[in-house]
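S.K.: Start counting the sequence shown at -11; every next residue gets the next number (my numbering). Dropping the structure in here first, questions after.
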Amino acid sequence: MEGEKSFVTLVHCSGKIQKSKRHGVKFTDRELLSIFIRSSSTLAEIKLSILRKLDVCGSKWVKKLFHKIPIAVVSTGVRYETFVIGSDEDLQVLFHCRRSFSEVRIPELLAKLEDGVDSSGPLAPNPQSTTVDGTSTSMPVVAAAVLVPDSQHVAAVHAGDDDSDDEPVVIGGDSDDIPSGTPTPHGGSGSRTQQYPPYLSSLNLEAVGQHQNVEPTFAGQGIHDGNALTEFQVGQSFKSKEEAVLSVKDYSIRRGVEYRVIESDNLKYQGRCKEFGNGCTWLIRITLRKWKSTWEVRRYNGPHTCMTTSISSDHK
């Protein structure tokens, strides 16, 4: 839909699902993709966007797509379960959770890929949806570049978890695709229905997508540039303040570090590591360049010389 806003979503394509005592489950991966999803996106479009990003169209297909679904906010943070997105109706649950859990800034998906081409069936694109043979005029959602975190600082989005209490869940054949204790599909192979978490039992899925929140998003800038930058650079520009702020937040989530906002107004945005002055020098200052109508990194002390383990609750 013209003028429709999109939101960024992280996609794990070669990762694992791990059980966590603190957060229920978490997805882990060394290299992530970021794609943009709209409220009108279909499951077929999202799958095609993932395959195109990986440049594997025609050689691989997305067999299953897991959503790390938030189920409760507790004292230690947000608790999650895994939820299989097997239809456009299931996809509405992702949109509902995005509106209902403001604590979750960036949704996460995990795609299980297999060699070959998706045959016609319950998960094949609908006639009105984008198809992988390129004959449809319907285009997939615009996606950002592949994110390649520095291997020395790879961290899960919820890096505050103590890995000692995490149990990997192997994703193998159909019989063990879904970790025990999580919502599981039921019914015939053609139904693709599944048991929703209890708090979604009364959800009107037909109405979920009708009133999506409009939130500012960035458009391929910052650490999402096509050259896969993992650190900011002095002189780097953004189209808006919202785009710059989201890039800083996304960077901090990926590094698993805390930062504090020191200044934020209509002319500047400055943040620094929570450990600044105590062993870390990380600081970023982004200011409005009026004559360009863009926001630009004017000062950057990076990368982090510390590795804290949680996301600050006072991100603004």
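C-beta atoms are modelled at their ideal positions from N, C-alpha and C, and glycine is treated no differently. Source: prediction; values computed, not measured.
Between the C-alpha atoms of residue 109 and residue 288, what's the straight-line distance to the nearest angstrom?
M.R.: Any reading at residue 109 must be qualified, since the residue scores a pLDDT of 43, below 50, and its modelled position is unreliable; no value is offered.
S.K.: Taking DSSP's pairing of strands, which residues face residue 288 in a bridge?
M.R.: Note: residue 288 sits in a beta bridge opposite 272.
S.K.: Within its chain, find whatever has a CB closer than 7 Å to the CB of residue 260; leave out the 5 residues flanking it on each side and keep chain order.
M.R.: Within the same chain, residue 260 has close Cβ partners 247, 248, 250, 270 and 271.
S.K.: Please say whether residue 89 and residue 324 have beta carbons closer to each other than 9 Å?
M.R.: Residue 324 is absent from the structure shown; the chain starts at -11 and stops at 304.
S.K.: Relative to the C-alpha of residue -2, which residue among 34, 12 and 7 is closest?
M.R.: The candidate whose alpha carbon is nearest that of residue -2 is 34.
S.K.: Can you find a CB in chain C that lies within less than 9 Å of the CB of residue 276?
M.R.: Protein chain content of the structure displayed is limited to a single chain, and chain C is not contained in it.
S.K.: Checking the sheet assignment: what are the DSSP bridge partners for residue 249?
M.R.: According to DSSP, which records beta bridges pairwise, residue 249 is partnered with 259.
S.K.: Let me make sure I understand the geometry here. Which of 266, 96, 258 and 221 has the alpha-carbon closest to that of residue 69?
M.R.: Measuring from the Cα of residue 69, the nearest candidate turns out to be 96.
S.K.: Report buried or exposed for residue 6, applying the criterion of at least 16 other Cβ atoms within 10 angstroms of its Cβ.
M.R.: It counts as buried.
S.K.: Pull the bridge partners of residue 99 from the DSSP assignment, please.
M.R.: The partner list for residue 99 (beta bridge, DSSP) reads 53.
S.K.: So, for residue 384: in the same chain, excluding its five sequence neighbours on each side, which residues have a beta-carbon less than 8 Å away from its beta-carbon?
M.R.: Nothing can be reported for residue 384: it is not among the residues displayed for the chain, which extend from -11 to 304.
S.K.: List the DSSP bridge partners of residue 70.
M.R.: Beta-bridge pairing links residue 70 to 56.
S.K.: If you draw a straight line from the C-alpha of residue 255 to the C-alpha of residue 241, how long is it?
M.R.: Approximately 25 Å between the Cα atoms of the pair.
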